[in-house]
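So the sequence shown is residues 849 to 1248, counted in our numbering.
Where is the CB? At the ideal position from N, CA and C, for every residue including glycine.
Heads up: the structure comes next, in structure tokens.
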Amino acid sequence: MINELYPPPPIAAEKLAPPVRTGAGNSIGGAMHLRLVDPHRIDPADEAQWDDLGHNRSGDSVFAEPWLMRISLAHCDRDKRAVLAVVVDIAGKWLGVLPVHRSWRHGRAIWPNLSSWQHANQFNGTPLVRAGYEVQFWRGLLAGVDRTDGPAVSLCMQGLPADDPANEALVRVLAEEGRSWRISRRYSRACIHADRNASARAEAAFKPKLRRRLESLERQLGEEVGDPVHLHSSRDPEVILQLIGRFLAIEAAGWKGSAGSALDRDVATRAFFTQAAHAAAVRGRFEVSWLEAAGQCIAMTTQFIGSEWSCGFKRAHDEKFARFAPGQLLLKNLTRLICERGEGHFDSSASPDQESINRMWPDRRELFDCHIAIGGRGRRLVHGGLSGLQSLWHAVKPVR
């Protein structure tokens, strides 16, 4: 992380910003508050409100759901920097929550800001928002952070899918308010959209040369181990409990283990992964898929299952089969399975430049990072100046 924490004022178990008055037509009675809640010392009443919000959420980002966000904060917020920015109505009902932290930097620039809090294994930065209250949430959040203490001149958001209703509402609110903001990064990653033509699109995207190569490798692998290669998948919590240990061992034995980036190499990331997998599995929200031949696990992948959007999570393969491209073989078989099921959209969670999946998955999901001016007139002028300097830097950088 490049961002550094600047010393915040002490945050009690709850802190109220002044009421935010909204215009006519607001169905929540015309007043909202922004509360800053310490997630590591949250009381039972707020836990209940958080859970209720999760049951009535807009969109389908598993990473924002309370049960997974609690696990994330417990194991990945190592410096206890995150606070929950909670927009509540006049009756105290939670309308939305965004974990944030204070930072002196945005990228490489000195740029005091409030940033959405995320960890390295979180692939969607959409906040948790009550369905039908997306516009009210953003109005309340932005007006609330305008009134917060400190030098922050921007609210920085990362990893926002452009098709999520909460993020669509953000763009609409910014336009309606005439608030200065800028998209700092726009990118797309491979996905599969659920419709009757998904299989046909996948077939068209899968070039004949690549198909022949992978079919040949799969055949050679089967001959090597003396048994055909098969894809298996399970959402059974008891089976998943057994598979998680195997997954961690395979990943740790490969290049990630050598580089020190395997989940099993760090106590916190191991705890996050295992607890997230277990919690999702008992909810019917986790799946493990693996290639197997002659009783040997060749490659494994994990995914979170959603009602509208499922998403890839972690993949690993046994390095002793590396010459057979086991990751690509797994992806080939998984692509066919996803298209045949037609259960919903599937976000790969892969980096935009991951060539192997880009060559097999036909669709793309657009995402963006942005920074939004906050505070009074003075702070917003600073934001405008920093944004201008950033644009100038990007304009001259290719010439240097």
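- Item | Three CB pairs or more closer than 8 Å across the segment 1082-1094 and the segment 1176-1193 | no
- Item | Residue interval of the alpha helix (DSSP H) (run including GLU1063) | 1056-1073
- With a Cβ-Cβ cutoff of 8 Å, do THR882 and VAL935 count as a contact? Correcting the residue identity first, residue 882 is Leu in this sequence and not Thr. Cβ atoms of LEU882 and VAL935: closer than 8 Å.
- Can you name the start and end residues of the beta strand (DSSP E) that GLU1214 belongs to? 1211-1221
- Message: Looking at LEU943: is its Cβ nearer than 8 Å to the Cβ of GLN897?
- Response: no
- Query: So who's on the other strand from PHE1194, going by DSSP bridges?
  - Reply: ILE1040, SER1158
- Task: Could you spell out the range, first to last residue, of the alpha helix (DSSP H) harbouring ARG1189?
- Result: 1174-1189
- With DSSP collapsed to three states, give me the class of MET1208. coil
- Item | Cβ-based neighbour list, PHE1169, same chain, cut-off 6 Å, excluding 5 preceding and 5 following | ILE1146
- Where ILE1028 falls: helix, strand or coil (DSSP): The identity of residue 1028 in the sequence shown is Ser, whereas the question assumes Ile. If DSSP states are grouped into helix, strand and coil, SER1028 belongs with coil.
- Message: Excluding the 5 residues flanking ALA1101 on each side, which residues of the same chain have their C-beta closer than 8 Å to its C-beta?
- Response: ASP1166, GLU1167
- Query: Can you check whether the CB of LEU901 is closer than 8 Å to the CB of VAL948?
  - Reply: no
- Residues in its own chain within less than 6 Å of ALA1000 by CB, not counting five upstream and five downstream? PRO960, ASN961, LEU962
- What span of residues does the beta strand (DSSP E) with TRP965 cover, start to end? Looking at the DSSP string, TRP965 is not in any beta strand (DSSP E), and its letter there is neither H nor E.
- Query: Quick one: what's got a C-beta closer than 6 Å to ARG1190's C-beta in the same chain, skipping five residues either side?
  - Reply: Looking at the sequence shown, residue 1190 is not Arg but Gly. Result list for GLY1190: ALA1042, in chain order.
- Query: At what residues does the beta strand (DSSP E) containing PRO794 begin and finish?
  - Reply: With the chain covering 849 to 1248 only, the question about residue 794 has no answer from this structure.
- For ILE1153 and GLU1135, the rounded distance between their alpha carbons: 7 Å
- Task: Assign ILE1146 to one of three DSSP states: helix, strand, or coil.
- Result: strand
- Message: Closest to ASN972 by C-alpha separation, out of HIS1193, GLY980, ILE890, ASP1012, would be which residue?
- Response: ASP1012
- Query: Alpha carbon to alpha carbon, what distance is there between GLY1070 and TRP1103?
  - Reply: 24 Å
- Message: Within 10 Å of its beta-carbon, does ALA968 have 16 or more other beta-carbons around it, so buried, or fewer, so exposed?
- Response: exposed
- Query: Taking just the CA atoms, how far does GLN970 sit from ALA1023?
  - Reply: 28 Å
- Task: Measure the Cβ-Cβ separation of TRP1209 and ALA1052 and say whether it is below 8 Å.
- Result: no
- Item | Limits of the beta strand (DSSP E) - the one that HIS888 falls within | Premise fails: HIS888 is in no beta strand (DSSP E) and is neither H nor E.
- So what does DSSP say about GLN1151, is it helix, strand or coil? strand
- Message: Pull the bridge partners of ARG987 from the DSSP assignment, please.
- Response: None; ARG987 has no bridge partner.
- Count the CB pairs spanning the segment 1023-1034 and the segment 1210-1218 that are closer than 8 Å, and state whether there are at least three. yes
- Task: Report the rounded CA-to-CA distance for ALA1119 versus TRP1138, giving the unit in angstroms.
- Result: 22 Å
- Item | Spatial distance of THR1117 from ALA1127 (CA atoms) | 15 Å
- Message: For HIS1165, list the residues DSSP reports as bridge partners.
- Response: ALA1147
- Task: Give the single residue among SER1199, ILE1220, ALA1142, GLY1132 whose Cα lies nearest to the Cα of GLN1151.
- Result: GLY1132
- Query: Going by beta carbon distance, what residues of the same chain come within less than 6 Å of CYS1159, once the five residues before and after it are set aside?
  - Reply: PHE1152, ASP1195, SER1197
- Message: On the DSSP bridge list, what partners appear for GLU1140?
- Response: HIS1078, CYS1145
- Message: Strictly by DSSP, which residues pair up with ARG1033?
- Response: ASP1217
- Message: Using C-beta distances below 6 Å, list every residue in its chain close to GLN1123, excluding the 5 sequence neighbours before and after it, in chain order.
- Response: ILE919
- Task: Could you check what DSSP says for ASN874 in three-state terms: helix, strand or coil?
- Result: For ASN874, the predicted model reports a pLDDT of 30, less than 50, meaning its position is unreliable; a value from the coordinates is still stated below. In the structure shown, ASN874 sits in coil (DSSP, three-state: anything other than H, G, I, E or B).
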